[in-house]
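Everything on this sheet refers to the single structure shown next.
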Amino acid sequence: MKKYITIGCLFLLIGACQETKSNFELPILGRTKIISKEVNGIITKDTISHRIADFSFVNQDSTTVTNSSFKDKIYVADFFFINCPSICPEMSKQMYRIYEKFLENDHVRLLSHTIDPEYDTVAALANYARLLGVNSEKWQFVTGDKQQIYDIGETSYMVVANEDDKAPGGFIHSGAFLLIDKERQVRGVYDGTVTSQVDLLMRDINKLLTSYEP
Amino acid sequence: MNHNYLFFFFLYFLIVSCNSYQKPAESYLPENLYEVSQTKFIQYLIQGKILYISKCSHCHQHSGEGFRKLYPGLIKSTTLMNDIGPAACIIKYGTKGMERVPNLSISMPAQAELSNLEIAEILTYIGNSWGNQMGFISVNNVEKNLVNCTSH
Chain B
1 MKKYITIGCL FLLIGACQET KSNFELPILG RTKIISKEVN GIITKDTISH
51 RIADFSFVNQ DSTTVTNSSF KDKIYVADFF FINCPSICPE MSKQMYRIYE
101 KFLENDHVRL LSHTIDPEYD TVAALANYAR LLGVNSEKWQ FVTGDKQQIY
151 DIGETSYMVV ANEDDKAPGG FIHSGAFLLI DKERQVRGVY DGTVTSQVDL
201 LMRDINKLLT SYEP
Chain D
1 MNHNYLFFFF LYFLIVSCNS YQKPAESYLP ENLYEVSQTK FIQYLIQGKI
51 LYISKCSHCH QHSGEGFRKL YPGLIKSTTL MNDIGPAACI IKYGTKGMER
101 VPNLSISMPA QAELSNLEIA EILTYIGNSW GNQMGFISVN NVEKNLVNCT
151 SH
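Protein chains in written order, with the numbering used here: chain B, 1 to 214; chain D, 1 to 152.
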C-alpha cells in the first residue's frame, strides 16, 4: 500500500514539473522605465516595459512599412545585407525555415532590415526576395534611412549593426533573430546561424501564439 | 630484441600515418593514376575541401547543393563542367560587372586573396565531389585561364 502511495506521489511530482515547464512564460526583455506623472495634483509612478520604437521603412514592393504593418502580428526581426559573405547566407537559410513553417499562420510575420541601404535598394531587395521565392506579405525586406536603421537596431532591437572596413563585406553586425510580440515587446533573442537556436525560436513562437488564444 | 621492438613501432607508425591520408569521402578519384599523380590529386582534394568549407560553403552549402535561387548549386553545374576558365575567373574576381544572365542569382564577391594554387585546389575539390568527375585541375591550367578573364 505504502509503495503505491509513493509511486503515486512520484507521478504527481513529475506531472507537476511538466505542467510548470509548459506554462513557463517568455520573458519581456529590455530595461523597464519608471516614469512619474502628475494626475490631479498627485504624482504617481508607472513602469513601462521596453518597446520597439516607431519606425518607417520601405519594403521590396516599395510599400511603406511601419509599426502598424505589424498590428496584431508577432514577428521575427533580423539585420542583414545582400553582399554579406559571412553569416547572412546561413541566416537567410534559417529564416527561410521559419517562413516555411509558419507560411499558413497569418499571425506570424518576418522582417529583415538591410544595414547596407546604399547598395540594397528596393530593386535589389525585390530581386533577393524573388530569388528566395518568398511572398512579400509574409517576409518583408526593408531599407530606409541608414541612421534610422542603425538606431532602431541598437536601441529597440538591442543588436549591433555598423559599418566597419575591417569586417568581411564592410559591415559588422549580429546574427541575432528577435521575437517581437503584439505589444511591440522583445520576447526572445536567438542566434540566427545556429539550427538548434532557431528550433527553440520556432517553439517559442508557438508558445507566444498560444498565450494570445482566448 | 629491443631494436626489434623499435623497428616494429616505426613500421606501425608509418602504416598508421599512411592510413590517415585518405581522400575526402564523397570525392571522385580516377583509378588508373600513377602513384605520384594520385598523391598530388589527393593533396589537392584535401586542401580544396578545407578551403571550400571556409570560403564557399556558407553560400553553396557543404554538399554543393546551393540554396534556393540565391546561391547556385555546383553539382553538375554546366558553367563549371564545360570549361574551367569562367569558374576560375569567378572565384578570383567575383561576378560583379560580369556579363551574365541578368537576375539569375545575386552577385558573388571576389576572392582576390586566393592564390592560383588555392583556386586549383578548390576547383579540383568541387570538380570531383558530389558526383562531379572533372579530373585533376592543375595550377598551370588555372594560371592559363586567369589571363583571359574579362572583368578585373
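Cβ coordinates follow ideal geometry from the N, Cα and C atoms, glycine included.
Would you say C59(D) faces chain B, with C-beta separation under 7 Å as the test?
In the second sequence, counting from the first residue as 1, residue 59(D) sits at position 59. Closer than 7 Å: yes.
On the criterion of 16 or more Cβ atoms from any shown chain inside 10 Å, does K49(D) qualify as buried, or is it exposed?
For the purposes of this step, residue 49(D) is taken as residue 49 along the second sequence, with counting starting at 1. The residue in question, K49(D), is buried, as its Cβ has 16 or more Cβ neighbours within 10 Å.
How many Å lie between A126(B) and D199(B) at the Cα?
Within the first sequence, the letter at position 126 stands for residue 126(B). Within the first sequence, the letter at position 199 stands for residue 199(B). If you take the alpha carbons of A126(B) and D199(B), they lie about 28 Å apart.
Under three-state DSSP, which class holds A110(D)?
As a position in the second sequence, residue 110(D) is number 110, starting the count at 1. Looking at A110(D) - three-state DSSP - the assignment turns out to be coil, as it is neither helix nor strand.
Starting from I106(D), find everything on chain B with Cβ-Cβ shorter than 8 Å and list it in chain order.
Stepping through the second sequence from its first residue, residue 106(D) is reached at position 106. Going along chain B in sequence order, the residues near I106(D) (Cβ under 8 Å) are I82, N83, N127, Y128, L131.
In the DSSP assignment, what are the bridge partners of E65(D)?
Walking along the second sequence from the start, residue 65(D) turns up at place 65. The partner list for E65(D) (beta bridge, DSSP) is empty, contrary to what the question assumes.
Quick check: is the beta carbon of P89(B) nearer than 7 Å to any beta carbon in chain D?
Position 89 of the first sequence, counting from 1, holds the residue named residue 89(B). Yes, because at least one Cβ of chain D sits closer than 7 Å to the Cβ of P89(B).
For D46(B), which of helix, strand or coil comes out of DSSP?
The residue given as residue 46(B) occupies position 46 in the first sequence. Three-state DSSP puts D46(B) in a strand.
Scan the segment 52-125 of chain B and note each continuous beta strand (DSSP E) run of 3 residues or more that stays entirely inside, going in chain order.
56-58, 64-66, 74-80, 108-114
Would you mind giving the Cβ-Cβ distance between H184(B) and I52(B), rounded to the nearest angstrom? I have them listed as a contact below 8 Å.
As a working note, residue 184(B) is residue 184 in the first sequence. As a working note, residue 52(B) is residue 52 in the first sequence. First, the residue type needs correcting, since residue 184(B) is Arg and not His in the sequence shown. The C-beta distance from R184(B) to I52(B) rounds to 4 Å, short enough to fall under 8 Å.
May I ask you to report which of helix, strand or coil DSSP gives I50(D)?
Reading the second sequence from its first residue, position 50 is the one you call residue 50(D). In this structure, I50(D) counts as helix in the three-state DSSP scheme.
Between the alpha carbons of Q148(B) and L26(B), how many angstroms are there, rounded?
For the purposes of this step, residue 148(B) is identified with residue 148 of the first sequence, where counting begins at 1. For the purposes of this step, residue 26(B) is identified with residue 26 of the first sequence, where counting begins at 1. Taking the straight line joining both Cα atoms gives about 28 Å.
Anything in chain D within Cβ reach of K93(B), meaning under 7 Å, just list it in chain order.
Locating residue 93(B) in the first sequence gives position 93, where the first residue counts as 1. The contacting residues are F67.
Contact belief for I43(B) with S36(B) at Cβ below 8 Å, rounded distance in angstroms:
As a position in the first sequence, residue 43(B) is number 43, starting the count at 1. As a position in the first sequence, residue 36(B) is number 36, starting the count at 1. I43(B) to S36(B), Cβ: 5 Å. Contact.
Between which residues of its own chain and C89(D) is the CB-CB distance below 6 Å, once the five residues before and five after are set aside?
Stepping through the second sequence from its first residue, residue 89(D) is reached at position 89. Excluding sequence neighbours, C89(D) sits near C149.
My parser needs the beta strand (DSSP E) runs of 3 or more residues fully inside the segment 153-212 of chain B; what are they?
161-163, 171-173, 176-180, 186-191
Check the Cβ of S86(B) against every Cβ in chain D and list those closer than 9 Å, keeping chain order.
Position 86 of the first sequence, counted from the start, is the residue given in the question as residue 86(B). Listed along chain D, the residues sitting closer than 9 Å to S86(B) by beta-carbon distance are H58.
Mapping the DSSP letters down to three states, classify E25(B) as helix, strand or coil.
As a working note, residue 25(B) is residue 25 in the first sequence. Residue state for E25(B) is assigned as coil, using DSSP reduced to three classes.
Is the Cβ-Cβ distance between S129(D) and S27(D) less than 7 Å?
Counted from its first residue, the second sequence places residue 129(D) at position 129. Counted from its first residue, the second sequence places residue 27(D) at position 27. Yes. Within cutoff.
Out of A129(B), K73(B), C88(B), D116(B), which has the shortest C-alpha to C-alpha gap to N105(B)?
Start at 1 with the first residue of the first sequence, and residue 105(B) comes out as number 105. Out of A129(B), K73(B), C88(B), D116(B), K73(B) has the C-alpha closest to the C-alpha of N105(B).
Can you check whether the C-beta of T20(B) is within less than 7 Å of a C-beta belonging to chain D?
On the first sequence, position 20 is the one that residue 20(B) refers to. Any reading at T20(B) must be qualified, since the residue scores a pLDDT of 44, below 50, and its modelled position is unreliable; the value itself is stated next. Not one chain D Cβ lies under 7 Å of T20(B).
I119(D) in three-state terms, based on DSSP
Locating residue 119(D) in the second sequence gives position 119, where the first residue counts as 1. Looking at I119(D) - three-state DSSP - the assignment turns out to be helix.
Count Cβ pairs between the segment 132-147 of chain B and the segment 83-102 of chain B that sit closer than 8 Å; are there 3 or more?
yes
Please state if the CB of W139(B) and the CB of L110(B) are separated by a distance shorter than 7 Å.
Here residue 110(B) refers to the residue found at position 110 of the first sequence. Here residue 139(B) refers to the residue found at position 139 of the first sequence. Result yes, Cβ atoms of L110(B) and W139(B) sit closer than 7 Å.
Can you tell me whether T39(D) is buried or exposed? The criterion is at least 16 other CB atoms within 10 Å of its CB, across all chains shown.
Locating residue 39(D) in the second sequence gives position 39, counting from the first residue. Label assigned to T39(D): exposed.
Among A77(B), F55(B), Q60(B), whose alpha-carbon lies nearest the alpha-carbon of S68(B)?
As a working mapping, residue 68(B) is identified with position 68 in the first sequence. Among A77(B), F55(B), Q60(B), the Cα nearest to that of S68(B) is on F55(B).
How far does the beta strand (DSSP E) with K33(B) in it reach, from first residue to last?
Here residue 33(B) refers to the residue found at position 33 of the first sequence. Segment 33-39, the beta strand (DSSP E) holding K33(B).
In this structure, what does DSSP give as the bridge partners for V142(B)?
Position 142 of the first sequence, counting from 1, holds the residue named residue 142(B). Partner(s): H113(B).
Nearest neighbour of E31(D), chosen from N82(D), T95(D), I46(D), F136(D) [CA to CA]
Stepping through the second sequence from its first residue, residue 31(D) is reached at position 31. That would be F136(D), whose Cα lies nearest to the Cα of E31(D).
Is F81(B) closer than 7 Å to I115(B) when the C-beta atoms are compared?
In the first sequence, residue 115(B) corresponds to position 115, counting from 1. In the first sequence, residue 81(B) corresponds to position 81, counting from 1. Judged by their CB atoms, I115(B) and F81(B) are nearer to each other than the 7 Å cut-off.
With DSSP as the reference, label Y153(D) as helix, strand or coil.
The shown model of chain D, from 1 to 152, leaves out residue 153(D), and the question about it has no answer.
With distance defined between alpha-carbon atoms, name the residue in E154(B), G175(B), V122(B), C84(B) nearest to G169(B).
Taking the first residue of the first sequence as 1, we reach residue 169(B) at position 169. The shortest Cα separation from G169(B) among E154(B), G175(B), V122(B), C84(B) belongs to C84(B).
Tell me S129(D)'s beta-bridge partners as DSSP assigns them.
The residue labelled residue 129(D) in the question sits at position 129 within the second sequence. S129(D) pairs with S27(D).
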